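Everything on this sheet refers to the single structure shown next.
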Amino acid sequence: MFRALADQLYETSDFHKRVRQEIVNQLKSHPKLYKGSVGKMDFSEYLKNMSTESVWGDEVTLKAAADVYGVKILLITSFKDIPSIVVLPKSQKQPDKVIHLSYLAGIHFNSIHLNQGSSSSSHTLLQKKKNKNKDKDMENAKLKSKEDKKSQRKRTSRRGI
1 MFRALADQLY ETSDFHKRVR QEIVNQLKSH PKLYKGSVGK MDFSEYLKNM STESVWGDEV
61 TLKAAADVYG VKILLITSFK DIPSIVVLPK SQKQPDKVIH LSYLAGIHFN SIHLNQGSSS
121 SSHTLLQKKK NKNKDKDMEN AKLKSKEDKK SQRKRTSRRG I
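The numbering of the sequence shown is UniProt numbering, which starts it at 1 and goes up by one.
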């Protein structure tokens, strides 16, 4: 997860250690926000584990990332019941940046970059395969462009819905 976040924030996964440290610092600085989300594990033990490079990030670190960077995180998952999750920062301010990640259940987080098709009016989410050993192919997810949403709203409002 930390490499995927670094790729979204800095356009390279090379800063994954920095991202991990900033997230762990956020957790340490605001234990009341996160302590109840780590289950039965002692929070200081959780922090120690998350400081270790070989430990994977989780939903708690994802929330801390949204908070520390002030970003909205859109997570496309491989779960049939929950195809996407939106993680918002605690701040009431509307985030300027949206981070796009995919999550292959229990296996790996990936950085996703929007690819603007020249002949299509929709954006296609493509998985960025930086680490071919760990990446698994996921189905491409499509997001409607602003133009499609506007035209749909216009059609709906014309019908009086």
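For each residue, glycine too, the CB sits at the ideal point set by N, CA and C.
Model, not experiment: these values are computed from the prediction.
Three-state secondary structure assigned by DSSP to I107
coil
Can you tell me which residues form a DSSP beta bridge with L75?
Partner(s): I85 and L101.
Can you give me the Cβ contacts of F2 inside the same chain, cut-off strictly under 7 Å, excluding the 5 residues immediately before and after it?
Same-chain partners within the cutoff: H16, V19, R20 and G57.
Please check if any C-beta of chain B sits within less than 7 Å of the C-beta of L104.
Here there is only one protein chain, and chain B is not present.
Can you find the residues in the same chain that come closer than 6 Å, C-beta to C-beta, to K90, ignoring five residues on each side of it along the sequence?
D67
Where the alpha helix (DSSP H) containing residue 165 begins and where it ends:
Residue 165 lies beyond the stretch modelled for the chain, which goes from 1 to 161, so this question has no answer here.
H30 versus D81: straight-line alpha-carbon distance, rounded:
32 Å
For K146, count neighbouring C-beta atoms within 10 Å of its own C-beta (all shown protein chains included) and say buried if the count is 16 or more, exposed if not.
Residue placement at K146 is poorly supported in this model, since its pLDDT is 41, which falls under 50; the coordinates are not used for a value here.
Which residue's Cα is closest to the Cα of S54: S84, Y10, Q92 and H108?
H108
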